[in-house]
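Worksheet: one structure, shown below.
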Amino acid sequence: MAAVKQEAHGVLPVASLDEAARQAYINELGKHVLNYITPGNKAVYDNHVLPSFQRRHGRAPLDRHEIRKEMVRQPFYQMTSSFQRTIQEMMWNAVDESIQRQLPSLIDTAQKFANGKTKGSLTLDPNFEVPPYIKNNHNHATPGGYGADLMPGDITAGALYDRGGYIYTQGLFGPRMDGIGKAAAMMVAQSRPDLKPKKILEIGCTAGGSTGGLSMMFPDAELHAIDVGAAVLRYAHARAESMHLPIHFHQMSGENMTFANSSFDLVCCLATLHETSRSATYNIFKEAQRVLKPGGLFLCSELPPYKGFDPWGQFVRDWDTYNNNEPFWGAVHDLELKDVALEAGFEADKYFEGFGPGVAQANALNAAVEVDNKKFMGSTRGGGQAWYAGASK
Amino acid sequence: MRARQSNVTNKIQTPRAAAGLRPQYFADANMDQMHAMILALSAEVSVLFDRFDAIERILDTKGVMTRADLENWQPDDLAEDERRAKRDALMKRLFRSVHDARATLEKDDGK
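Residue numbers (my numbering), protein chains in the order written: chain A, 1446 to 1838; chain B, 3 to 113.
Below, the structure written as structure tokens:
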């Protein structure tokens, strides 16, 4: 299937001939390794590691940790993991190089959108401290991570996430990178058909792709989005203005928001918790509970918890924890979010979790767009159904 | 070559590396470097093929030159300078992980 083209907007970096060729090749290289080389690890496990383990222990491995200890010694697994990690680094470097070449003009363009006739707004906090879990570890091995602010007016981190993220997910989130937001809106309609949100908040918006999806699905709502990085927010705001989407962006941590109590009908935290920490997850739930209006809904989307998978399935899904600068990945998928919600003051009978609309369903809203919903990077994340945890106040 | 955060408006050096733990996959760390170099090299070969392909197709369509023109062509000084800069950029990509390793070694003062 031909790759879906990312839809151009006002601040999307433009690749030169060689840059485009490099990005295209690295994308194909990643797909090739994932689809035709990495799956060989199943045979390594079934035919060699498992029988040997059973001989030595008289039983099969109990969990992903026992499998991992064996697999990291297997030359084939070492090779595929090295390939995947290296390709991930090459991909970010290739996109970053293209961004840095045109950075002054991208900053200029972003400022024109931000200072022109705007529908939304941008509020940065010059005294803001990027949380250590973002500053000291750059998630999915993205140079600079979410928090980097390289120079006045910088938009690098946003552009890197928008363009690199598109290649990294192989178009999974749709041509506008908005599939996660659209899917979440479908989940709101499915789980709380009575809720017609007038005021919405997204925690952890990055480049504003998912926020754009929320904006399209709730066109009459007042939409706010927060993130920790000034550069991602400048980019997200310029991007939204170039697409005529009215979104208000704020530099703020989800752990400690300046919004008044009972401000929002809907608070979303989409594919974001795994990029934080255990204590941050508890704090985000508490803050979401505080800023929600009575009767409002807090909706998180995450990769499904490990509890539903056998040890091998858990091991495969846990690749990112050790190989992709995602130290909280494994831990958040073992966490019972229901306990977190109760601790934050939500009531047990108003909590739900389970599978719901995913990016495949969201992308189906785009006429004539086919998206390759195969797995990407180390995990079989797939584009089928997404997993949600929600709590009504 | 670590990721930098500064307020100066000079050019950001690429490639940048991500902060966090980068696993070593093989008993011999040089094997990790070899992987990174081979994959980077394969990307540059592919980029080259694509560029040649574009040029040949355009020239063919427009009928502007023959293969002999290509064989007899010599770069002037400016062209040679531009080519040197391109080779330099290629080597930076090729040795990206080696430069990372060196920076890490230099940061670790043994204390």
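Glycine residues also receive a C-beta, built at the ideal position from the N, C-alpha and C atoms.
### Query
Residues of chain A with a CB under 9 angstroms from the CB of Phe28/B: which are they?
The residue you call residue 28/B lines up with position 26 of the second sequence. Within 9 angstroms Cβ-Cβ: Pro1520, Gln1523, Met1524 and Ser1527.
### Query
Just checking my contact of Ser1746/A with Ala1831/A at CB under 8 angstroms: how many whole Å lie between their CB atoms?
Here residue 1746/A refers to the residue found at position 301 when the first sequence is read from its first residue. Here residue 1831/A refers to the residue found at position 386 when the first sequence is read from its first residue. About 5 angstroms; that satisfies the 8 angstroms criterion.
### Query
alpha helix (DSSP H) containing Ser1526/A: first to last residue?
Position 81 of the first sequence, counting from 1, holds the residue named residue 1526/A. Run containing Ser1526/A: Pro1520 to Arg1546, per the alpha helix (DSSP H) assignment.
### Query
Hey, would you say Gly1835/A sits closer than 9 angstroms to Met1631/A, going by beta carbons?
Sequence index remark: in the first sequence, residue 1835/A carries index 390 (1-based). Sequence index remark: in the first sequence, residue 1631/A carries index 186 (1-based). No.
### Message
Please report the distance separating the alpha-carbon of Pro1642/A from that of Arg1762/A.
### Response
Mapped onto the first sequence, residue 1642/A falls at position 197. Mapped onto the first sequence, residue 1762/A falls at position 317. About 34 angstroms.
### Query
Which word fits Thr1473/A, buried or exposed, when buried means at least 16 other C-beta atoms lie within 10 angstroms of its C-beta?
In the first sequence, counting from the first residue as 1, residue 1473/A sits at position 28. Looking at the sequence provided, one finds Glu at residue 1473/A rather than Thr. Exposed, by the Cβ-count rule.
### Query
Listing by chain order, which chain A residues have their CB less than 9 angstroms from the CB of Arg69/B?
In the second sequence, residue 69/B corresponds to position 67, counting from 1. By Cβ distance, chain A contributes nothing, its closest Cβ being about 22 angstroms from Arg69/B, past 9 angstroms.
### Task
Tell me the start and end of each unbroken alpha helix (DSSP H) in the segment 1690-1760 of chain A that is at least 4 residues and wholly inside, in chain order.
1723-1736
### Query
How would you write the range of the beta strand (DSSP E) that Phe1663/A sits in, first residue to last?
The residue labelled residue 1663/A in the question sits at position 218 within the first sequence. Where Phe1663/A is concerned, there is no enclosing beta strand (DSSP E), given that its DSSP letter is neither H nor E.
#### Entry: Rounded C-alpha distance that separates Lys1564/A from Asp1491/A
Numbered from its first residue, the first sequence carries residue 1564/A at position 119. Numbered from its first residue, the first sequence carries residue 1491/A at position 46. Distance between the alpha carbons of Lys1564/A and Asp1491/A: 56 angstroms.
### Task
Return the bridge partner residues of Lys1644/A from the DSSP annotation.
If you number the first sequence from 1, residue 1644/A lands on position 199. DSSP output for Lys1644/A lists Glu1667/A as bridge partner(s).
### 9 angstroms Cβ cutoff met for Ile1579/A and Leu41/B
Working through the first sequence from its first residue, we reach residue 1579/A at position 134. Working through the second sequence from its first residue, we reach residue 41/B at position 39. No, the pair does not count as a contact, with Cβ atoms beyond the cut-off.
### Query
Does Ala1469/A get closer than 9 angstroms to chain B when you measure Cβ to Cβ?
For the purposes of this step, residue 1469/A is identified with residue 24 of the first sequence, where counting begins at 1. So, interface residue.
#### Entry: Cβ of Ala105/B within 9 angstroms of any chain A Cβ
Mapped onto the second sequence, residue 105/B falls at position 103. Output row for Ala105/B: interface = no.
### Message
So that I know if they touch, is there some Cβ in chain A lying closer than 9 angstroms to that of Lys13/B?
### Response
As a first step, residue 13/B is located in the second sequence; it is residue number 11 there, counting from the start. Output row for Lys13/B: interface = yes.
### Message
Given this structure, state the Cα-to-Cα distance separating Lys94/B from Glu1542/A, to the nearest angstrom.
### Response
Within the second sequence, numbered from 1, the residue matching residue 94/B stands at position 92. Within the first sequence, numbered from 1, the residue matching residue 1542/A stands at position 97. Cα to Cα, the separation comes out at about 11 angstroms.
### Query
Using the beta-carbon count (16 or more within 10 Å), is Asp1607/A buried or exposed?
Numbered from its first residue, the first sequence carries residue 1607/A at position 162. It counts as buried.
### Message
In the DSSP assignment, the beta strand (DSSP E) including Tyr1796/A goes from what residue to what residue?
### Response
One-based indexing of the first sequence puts residue 1796/A at position 351. Residues Tyr1796 to Gly1801.
### Task
Please decide whether Glu58/B counts as near chain A, where near means a Cβ-Cβ distance under 9 angstroms.
Within the second sequence, the letter at position 56 stands for residue 58/B. Glu58/B does not count as touching chain A.
### Task
Establish whether the CB of Trp1876/A and some CB of chain B are separated by less than 9 angstroms.
Within the shown structure, residues of chain A are numbered from 1446 to 1838, placing residue 1876/A beyond reach of any answer.
### Query
Listed from N- to C-terminal order along the chain, which residues in the segment 1480-1500 of chain A have their beta-carbon within a distance smaller than 9 angstroms of any beta-carbon of chain B?
none
### For Tyr1833/A, three-class secondary structure by DSSP
Locating residue 1833/A in the first sequence gives position 388, counting from the first residue. In this structure, Tyr1833/A counts as strand in the three-state DSSP scheme.
### Message
Rounded to the nearest angstrom, what separates Thr63/B and Leu72/B at their Cα positions?
### Response
Within the second sequence, residue 63/B is the residue found at index 61, counting from 1. Within the second sequence, residue 72/B is the residue found at index 70, counting from 1. Cα to Cα, the separation comes out at about 16 angstroms.
### Buried versus exposed call for Asp1665/A [16 or more other C-beta atoms within 10 Å across all chains shown]
In the first sequence, residue 1665/A corresponds to position 220, counting from 1. It counts as exposed.
### Message
Looking at Ile1692/A: is its Cβ nearer than 9 angstroms to the Cβ of Phe1663/A?
### Response
The sequence position of residue 1692/A within the first sequence is 247, counting from 1. The sequence position of residue 1663/A within the first sequence is 218, counting from 1. No. Outside cutoff.
### Coil, strand or helix - Ser1655/A by DSSP
Locating residue 1655/A in the first sequence gives position 210, where the first residue counts as 1. In this structure, Ser1655/A counts as helix in the three-state DSSP scheme.
### Query
Counting Cβ pairs, one atom from each stretch, are 3 or more of them under 8 angstroms apart for the segment 1551-1564 of chain A and the segment 1598-1615 of chain A?
yes
#### Entry: Partner residues on chain B for Thr1587/A, Cβ-Cβ distance less than 7 angstroms
Position 142 of the first sequence, counting from 1, holds the residue named residue 1587/A. Within chain B, the residues near Thr1587/A are Ala20.
### Task
Could you list which residues in chain B have their beta carbon closer than 7 angstroms to that of Gln1547/A, in chain order?
Mapped onto the first sequence, residue 1547/A falls at position 102. Correct list: empty, because the minimum Cβ distance to chain B is about 11 angstroms.
### Query
In or out: Met67/B buried (at least 16 other Cβ within 10 Å) or exposed?
The residue labelled residue 67/B in the question sits at position 65 within the second sequence. Met67/B is exposed by the Cβ-count criterion.
### Message
Tell me whether the segment 1464-1480 of chain A and the segment 1619-1627 of chain A touch, counting them as touching only if at least three CB pairs, one residue from each stretch, are closer than 8 angstroms.
### Response
no
### Task
State the Cα-Cα distance for the pair Met33/B and Val1633/A, rounded to the nearest angstrom.
Counting from one through the second sequence, the residue named residue 33/B turns up at place 31. Counting from one through the first sequence, the residue named residue 1633/A turns up at place 188. Whole-angstrom Cα-Cα distance: 49 angstroms.
### Task
For the beta strand (DSSP E) containing Leu41/B, list its first residue and its last residue.
Taking the first residue of the second sequence as 1, we reach residue 41/B at position 39. Counting along the chain, Leu41/B falls outside any beta strand (DSSP E), though it belongs to the alpha helix (DSSP H) covering Ala31 to Lys64.
### Query
So with Cβ pairs under 9 angstroms, would you call Ala31/B a contact of chain A?
Residue mapping note: residue 31/B aligns to position 29 of the second sequence, counting from 1. No, Ala31/B lies away from the interface with chain A (no Cβ there is under 9 angstroms from its Cβ).
### Task
Would you verify that the beta carbon of Thr16/B is, or is not, closer than 9 angstroms to some beta carbon of chain A?
As a first step, residue 16/B is located in the second sequence; it is residue number 14 there, counting from the start. Thr16/B counts as touching chain A.
### Task
Give the straight-line distance between the Cα atoms of Lys1838/A and Asp1639/A, rounded to the nearest whole angstrom.
Mapped onto the first sequence, residue 1838/A falls at position 393. Mapped onto the first sequence, residue 1639/A falls at position 194. Distance between the alpha carbons of Lys1838/A and Asp1639/A is about 14 angstroms.
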